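In UniProt numbering, the protein residues as written are 1 to 204. Built from N, CA and C at the ideal position, the CB exists for glycine as well. Note that this is a predicted model, so its numbers are computed, not measured. One structure is given here, and the rest of the page talks about it.
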């Protein structure tokens, strides 16, 4: 049976990466889609594991060939999802998780309307700014730009199926795991797992 596609979106600093990492550890049935990115790797990031890091000309060539399911420009960098890889994984029954922004989520839902969308929010804009500053990796100018961008991103929260407010990391992770497990219990998924049994129930 087909797998489930999970879309996780959050403004920078909301804790999305930490929560997704925790989910992948606790639920080995979920695999992370590795996106393409034109930005430089951050400390500790590995090409092919965290992102496929490419330059802008390579990115544009792949885009023009129709390789991408969705792509977007975020903070002067390009990001995209491989359409071919994703479709093959879903068709083979794998549950796949996409970490993308709201623009990418809109594009993906046009192809996968059954995808489960999760938006992760910080407790407040002030806390978001504090977390960004606590990273110690961005200038004040970059932080101000990210906070401004986050305000715009968070206005799209109503487009998603589930909303998790990451005030307490442990509780937020429990919520994300619960969303994934609950999605597997939807009628369509259960019917696909045991078609003979559900067919029996429908008989007179």
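When the options are compared against residue i, the one with the closest alpha-carbon
i          : options            : result
residue 53 : 62, 41, 60 and 63  : 41
residue 95 : 23, 15 and 197     : 23
residue 48 : 59, 36 and 55      : 36
residue 74 : 102, 67, 55 and 20 : 102
Beta-carbon proximity check, residue i vs residue j, cutoff 8 Å
i           : j           : result
residue 147 : residue 128 : yes
residue 7   : residue 115 : yes
residue 159 : residue 123 : no
residue 179 : residue 162 : yes
residue 132 : residue 12  : yes
residue 93  : residue 2   : yes
residue 77  : residue 25  : no
residue 104 : residue 61  : no
residue 89  : residue 139 : no
Distance, residue j Cα to residue i Cα
i           : j           : result
residue 205 : residue 201 : Here the chain has residues from 1 to 204 only, and residue 205 is not among them.
residue 153 : residue 10  : 8 Å
residue 97  : residue 130 : 27 Å
residue 207 : residue 85  : Because the chain is modelled from 1 through 204, residue 207 falls outside the range shown and cannot be assessed.
residue 18  : residue 50  : 13 Å
residue 28  : residue 182 : 16 Å
residue 16  : residue 156 : 16 Å
residue 205 : residue 34  : Residue 205 falls outside the range modelled here, since the chain spans only 1 to 204, and no answer is possible.
residue 184 : residue 190 : 7 Å
residue 171 : residue 44  : 26 Å
residue 188 : residue 87  : 19 Å
residue 126 : residue 110 : 34 Å
residue 217 : residue 46  : The structure shown does not extend to residue 217, since the chain is modelled only from 1 to 204, so the question has no answer here.
residue 65  : residue 137 : 35 Å
residue 83  : residue 67  : 6 Å
residue 196 : residue 21  : 36 Å
residue 203 : residue 113 : 30 Å
residue 135 : residue 143 : 10 Å
Contact set for residue i: own chain, Cβ-Cβ below 6 Å, skip 5 residues either direction
i           : result
residue 175 : 164
Other residues of its chain near residue i: CB distance less than 8 Å, five sequence neighbours each side excluded
i           : result
residue 108 : 5, 7, 69, 70, 81, 98, 100 and 115
residue 198 : 190 and 191
Chain-order list of residues whose beta-carbon lies under 7 Å from that of residue i (same chain, five-residue window excluded)
i          : result
residue 14 : 120, 121, 122, 128 and 166
residue 91 : 2
Short CB-CB distance (under 8 Å) between residue i and chain C
i           : result
residue 126 : You won't find chain C in this structure, because it holds only one protein chain.
Starting from the N-terminal side, write out each stretch of the alpha helix (DSSP H) that is 4 residues or longer and does not extend beyond the region 121-170.
125-135 and 140-154
Taking only runs that begin and end inside the region 71-101, name each unbroken alpha helix (DSSP H) of 4 or more residues, in chain order.
83-91
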